Every structure is written in structure tokens, then in C-alpha cells.
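Residues -17 to -1, 1 to 659 (mature numbering (1 follows the signal peptide of the UniProt record, and there is no 0)) make up the sequence shown, in order.
Even for Gly, the Cβ is constructed at its ideal location relative to N, Cα and C.
Just so we're clear, the structure is a prediction, and the values are computed from it rather than from any experiment.
Notes follow the structure.
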Amino acid sequence: MILIMLMIVMMKTAAASAPGLEMDIKPGLGFRVTEIPPNISSNTQCLEVKQTQIRVIPQGALTSLQHLRKLTILENDMLKTISAFAFASLPRLIAISIDGNVALESIGAFAFSDLPELREITIRRSKHLRHIHPDAFKNIVKLQYLLISYSGLRMFPNFTKIHSKARGFLVDLQDNNHIERVPANAFRGLCTQTIIIRLNRNGIKEVASDAFNGTKMHRLRFTTSVKHDVNDSNVSVRYQLVCICFCRDISHTALSSLPDYILGGLQELIAEAAHNLKKLPPLELFTKLRQANLTYPSHCCLLQNISRNRSSWHTLCSHPEAQYNRQFHRDYCSNSTSITCSPAQDAFNPCEDIMPSVPLRVLIWIISILALLGNTAVLLVLLGSRCKLTVPRFLMCHLAFSDLCMGIYLVIIASVDMRTRSQYCSYAIYWQTGLGCSAAGFFTVFASELSVFTLTAITLERWHTITNALRLDRKLRLRHACIVMTAGWIFSSLAALLPTVGVSSYEKVSICLPMDVDHLVSQVYVVSLLLLNILAFFCVCGCYLSIYLTVRNPSSAPAHAETCVAQRMAILIFTDFVCMAPISFFAVSAALKLPLITISDAKILLVLFYPINSCSNPFLYAFFTRTFRRDFFLFTARFGLFKTRAQIYRTESSFRSHVTLYSLANTLSLDGKQEC
């Protein structure tokens, strides 16, 4: 306190010795000061109120400081209130900084009013500041910069009475987590010139449709702030808009839509990492857009096809001499579709439909319907049969179910393609980021992995049965098969779920396959699945080589029926893996970031090779075999259908022995012992 009084005495002495002279004196008020001293020199130009015990800055506390140019109120832990008219009527004040006053709760009416030279106001790090009076800012005609950050405000401050005339006015509201709404006319009356508005990292959930009425906005920037939407319901006040928005930056926000009426003057749109902005307004509203930095390539696909009649923008375009002025005609009158847009289409996101050609559309429907009907029939016959459930029959049920899931995936893709034909770019984001694409991706990965796993299990079971045909004590039991397939289901489910939790992604491409390998974890995931499939192929090769050697050895050759089963299974399963070979080859190269084909070419593989097993297995394993036809007629006879054919098969069966070997190629069950 003695130091403070000494400084004040020195200031008084200096002022007395040089009357009329404006001095650059910078006194400070510090610890143990409980109020602003009334005897501070009137010549003081800079005042810092720091780490004091002042609780209130009352009305007129600084009125005597008519030469004050800069005021700093810093880290006053006891300060709770800035009263009405606290800083009013300071004719030379240029800047006010209120920073780090953690106990500050309110700022009164007209606290910042009638300050003709004030250019800068900063209010920072006041987490308990919950109320700024609606009349706190008034008639600050030269204000150029207003910052409010890290406050506890619940309501958007009232700026409508500032009436600044400064050019390039910057309003910066950031890190105010409790401000949830930007109200109507929030910036009307703020400034008569162009302004820049930054609303960064706030808790904003709603922006009123007419929030920016009455502004000439040069740049609007949202960053990780808006949580929900721009309310566009109040259309009755649109005619009041005077907004000239040259650039709108909404990068890193959760903004989900843009009000149509602010887009007419937009020349640059920046919406990078704005993942919730999935749909653009009608393209005809972007009458002056020249550059767009967006989040999704499909939006650029839309903008590259935009057609605009620019001659309607300027009345002079109709003048006969306008066409002779090349610069004017190019800038204002020529019809142009040129918009610089990023990210442009790439190998993963070409500007095309899901199925880019008619033959592919026809084929995917044929294959998907065959897969659905065929595998459904196989499941019904196998599960509805009164024969004993054996290990081969049990395994074949799982194979049919996995192929059925693949058919569901194909139907989903074909249906979305039909619905979005010629307009896919408009629906791409909703589809690829929605639950539908995630569900389709889950079905296809689950089906693919379960199918490979089951085929491998079937092969191992046949190898074990044939090579140990005379060792009944080594026979594979149903409980063993249940354990094996439980592991297969767990593995397939985990493989299909990982892309939904951030390990790769189903959102990368329109066909919803996990092709995102941008991160190491995703790359390891994709490569691991492909290598496991290749390993399964070699396992099958090894098993059938062993079966072949066993069959060729007369001393250990099993029954003829078992040999036929092995031969037929070899053809069927090798056919399955030959169909998978192109997929595995090109997928591994793409996963290693060395793609050999584009997504457009990959769609041909998707239709012709990827699902062909799911379509062909029911026919190769069942429909073309006599034994399955017998089971089919016996099954349908229970519903009163094909009774005559069923009776014929019953008569034939009565002459056979009680042990019947079901060929895998004949019946999809491979019964080691049949009890019908």
C-alpha cells in the first residue's frame, strides 16, 4: 500500500511540474487494493488493475481519467461486478482488456457506452461471467475488434446498439461452451461496414434463420461449434437481409445445413471436415461461387456440373458494347461452369452411379435373386428334414446361411443403385455415412469370412473322415463341429464389426467395402483378412492333396462313395477359391496402397466374382443332385405337394441299407451315417 501511495504522490508531483502536458504514465494497482483510488493523476494514459482485492468497479470510478487510452483489468480474483457506466465517458480510451478475472459474474448497463475513440474490447477467461446487460455496449462508433472468450455466458450478447462505422470489424466469440443459440438479428446494428464473424468452439446448437440480417459479412467462420442445424423456418423476414457474404468458412463444425438466402453473393465456401454437412442447398443458389473447399468428393461432382446464366448478374451485360470488353464479359456475362473444388473425385470416389453400366445392373439383380432364393431353399430343406442332423449337414447349414447374407448385401446395393440412378452424387453422403451402408458392409464381410471359414471346416472334416475311414474312434462329433463353428461366428462377427468402430471404414466407397487403409491399424486389418483367406486356400489345397494321395493308395482306400465325395468336393471348393483369387489379388495390392485397378473396375469384380459362390453353391451342392431332390420332395410332401414323387423316393429308400452316405455335392449334408 505504501508503494501504491508513493506512486500516486510521484504522479501528482509530475503532473504539477508540467501542467497541460500529456504524459505516458502507466500506474498499476496491485495486491491489497480494495477500491480504485480517487486520486489517480488525470494525465494517466495506461492503467493496469492487476491482482487486487477489488470486488466492484463502480459507476464513474474512472471518470476523472480523461486522458486514459488503455485500461487493463487483469487477474483480480475478488472482482465480481463491473457496474453500470463503469467505463462510460472516457473520450480518449482506445482499448479495454478484461482478462483472467475468474470471479467476475456480471457487467452492467452502459458499461461500454459513449466511448468515441474505443477500438478494442477483449473479455477473456471469466468462467463465472454469466450476464452482460443488453445495454452494456452502446454507441462505440470506432470499435474494430470485440473478443469474448472462455466465459460462462448462457445467452448470446446483445451487439445491436454498438453502431460501429469501422471497416473490417472483427467479432470473435470463442470457447463459450454454454452459448447454445445465435438469435434472430444478432448482428443487426453492430456495424454499418463489412464485418468478419468468428464463432469458434462454442456450444451453439442453433442459428436462427435471420441471425445475420442487416450485416455486410465479409467472412463467417464456424469451427467445432454448431452442434445441430441452421433454423430456416422463419422465412418471412428474408427480405430484410442485406448480407454480402464473400467467404463462408464452416470447417470442423457439426453444421448440417446452410440457409439458402445467404448464398447469393457467396464466392468462396470453406467446409473442410464439416462431416454433418451432407447436403448442399439447391445448386442454382450458388450464382457467384468460384471456389469450394469441401469435405466430400461427391459435392464437387455436383458442383462441376452446375450451369449458371451469368449474363443475368449484371444489367450492363445487355449493353451492345459489353461483348467487346473481354475482361468485363468474362467476369460478369459469360456463361460458366468453372468452379475450383476440392476434394476432387479420386480412385475411391468417382463421379458415377453405384453400378455405372446397365449390364452390371442386370447382373447384380440376377445374382442376388438367385443367391437369396437358392440358399433360402437349401436352409429350409436341411433344417426341415426329418433326417438326423450330422456334422456335414450342420456345416452345410452354416455355409448356406453365409451365402444368404451375401445375397442380402447384393440386394441392398442393387436397390440403392436403382433408387439413386443418375443422381447418386446427391445421395452419396447420406448413403455412405448412414446405417444402411454400415449394415450392408457388415453383411458382406460377415458372409465372406463365415463362408471361407465354413468351407475350410468342411474340407478339414472330409479330410479327417476319409483319411481315418476305418478308425471310428476318431470320428468327428457334432459337439466338436459346434465348437468350431462358434469360433467361426465369433471371428466373422468381430471382423465385420471392426470397421464400425474406426478400424477401417465402410464409408470409403459406394459399395460399402472396408477399403479405408489411410491408417496403419486399418491397413493391418485389411491385409490380415486377405492373408487369412489366402491361408485358408492353401489349407484346402493341402487337404485335397492328402485326400488324393490316400485315394491312390489301394491298401488304405476307403469306400467308393467316399472317393466320389472327395472328387466332387475338390471341384466345388476349388471353384469357390478360384472365384476369390482375383478379389484377393487386387485387394492386397490396394491395401498396400499400390492399386492396380480403379473402383469402377472393382465393381466388375464385385458383381462377377465376389458373389458368384453364393449364387452357385446351392445349385452345385443341391439342386443338381438326386439326393437333394429326394429330400426336397419328401419335405414338400408334408405340405401336400408332389406326393407322388415323394412316394417314389420312399420306395427306393426302403431297398437301401440303413447306412446312407450323403455326398456333399449331392445333398449339402455329407452324412457319414444317414437315418431317414
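- Contact check, P166 vs K125, beta carbons under 8 Å: no
- Task: Quick one: residues in its chain with C-beta nearer than 7 Å to the C-beta of F436, no 5 flanking neighbours on either side, listed in chain order?
- Result: Within the same chain, G471, F474, S475 come within 7 Å of F436 by CB-CB distance, once the 5 residues on both sides are set aside.
- Indicate whether the contact test is met: 3 or more Cβ pairs, each with one atom in the stretch 379 to 397 and one in the stretch 249 to 266, closer than 8 Å. no
- Message: Give me the residue from R445, V85, I90 with the minimum Cα distance to R108.
- Response: V85
- Message: Please report the straight-line C-alpha distance between P326 and P497, rounded to a whole angstrom.
- Response: 20 Å
- Return yes when the Cβ of R181 is within less than 8 Å of the Cβ of Q157, no when it is not. yes
- Message: For K261 and Q406, I'd like the C-alpha separation in whole angstroms.
- Response: 15 Å
- When DSSP labels each residue in this structure, what does S398 get in the three-state scheme? Helix at S398.
- Query: According to the Cβ coordinates, are L363 and C380 closer than 8 Å?
  - Reply: no
- Message: Assuming the contact rule is C-beta atoms closer than 8 Å, L393 and I347 should be a hit. Round their C-beta distance to whole Å, please.
- Response: 6 Å
- Message: Once DSSP output is grouped into helix, strand and coil, what is the label at D386?
- Response: helix
- Hey, could you find the ends of the beta strand (DSSP E) C29 is sitting in? 29 to 33
- Message: Using only the alpha-carbon positions, how far apart do K144 and R164 sit?
- Response: 19 Å
- Starting from the C-beta of P74, find all residues in its chain whose C-beta is less than 7 Å away, skip the five residues before and the five after it, and write them out in chain order. Q49, P99, E100
- What residues in its chain sit with their C-beta under 6 Å from that of V484, if we drop five residues either side in the sequence? Result list for V484: empty, nothing under 6 Å.
- Query: If you run the structure through DSSP and keep just helix, strand and coil, what is S89?
  - Reply: strand
- Starting from I178, follow the beta strand (DSSP E) in both directions and report where the run begins and ends. In the DSSP annotation of this structure, the continuous segment of the beta strand (DSSP E) that includes I178 starts and ends at 177 to 183.
- Can you list, in chain order, the residues of its chain whose CB lies under 7 Å from that of S72, leaving out five sequence neighbours each side? T46, D97
- Task: Within the same chain, show all residues whose beta-carbon is closer than 6 Å to that of A479, passing over the 5 residues directly before and after it, in chain order.
- Result: F425, V428, F429
- Message: Between the alpha carbons of Y133 and L503, how many angstroms are there, rounded?
- Response: 37 Å
- Task: Determine the burial state of C465: buried for a count of at least 16 other Cβ atoms within 10 Å of its Cβ, exposed for fewer.
- Result: exposed
- Apply the 10 Å Cβ neighbour rule to V345 and answer buried if 16 or more other Cβ atoms are within range, or exposed otherwise. The residue in question, V345, is exposed, as its Cβ has fewer than 16 Cβ neighbours within 10 Å.
- Strand pairing of residue 667, partner residues [DSSP]: Outside the shown range of the chain, which is -17 to 659, sits residue 667, and nothing can be said about it.
- Query: Identify the residues that DSSP records as bridge partners of E103: which are they?
  - Reply: A78, Y128
- Query: Can you give the Cα-Cα distance for L4 and T27, rounded to whole angstroms?
  - Reply: Low confidence applies here, because L4 scores a pLDDT of 30, under 50, leaving its location unreliable; read the following figure in that light. Looking at the two C-alpha atoms, the distance is approximately 11 Å.
- Under 8 Å, do K586 and L343 count as touching if we go by C-beta distance? yes
- Item | S25 versus K63: straight-line alpha-carbon distance, rounded | 26 Å
- Item | Neighbourhood of C324 by C-beta distance below 7 Å, restricted to the same chain and skipping five residues each side | Taken in chain order, the residues that qualify are A275, L277, C283, L286, Q287.
- Query: Since A169 and F139 are thought to touch, with beta carbons under 8 Å apart, how far apart are those beta carbons, to the nearest angstrom?
  - Reply: Between F139 and A169 the Cβ distance is about 6 Å, and since that is below 8 Å, they are a contact.
- Message: Within the continuous alpha helix (DSSP H) that includes S409, where are the two ends?
- Response: Unbroken alpha helix (DSSP H) run through S409: 407 to 415.
- Can you say whether S505 is buried or exposed, counting buried as having 16 or more other CB atoms within 10 angstroms of its CB? buried
- Task: From the DSSP output, in three-state form, read off D614 for me.
- Result: Correct three-state label for D614: helix.
- Task: State the DSSP-derived secondary structure class of V428, mapped to helix, strand or coil.
- Result: V428 carries a helical assignment under DSSP once its states are collapsed to helix, strand and coil.
- Take F93 as the anchor and find which of S80, K110, A67, I412 has the nearest alpha-carbon. A67
- May I ask you to report which of helix, strand or coil DSSP gives S134? strand
- Inter-residue CB distance, L423 and I396 (contact presumed, cutoff 8 Å): Checking the sequence, you will find Ala at residue 423 rather than Leu. Yes, they are in contact, since the Cβ atoms of A423 and I396 sit about 6 Å apart, within 8 Å.
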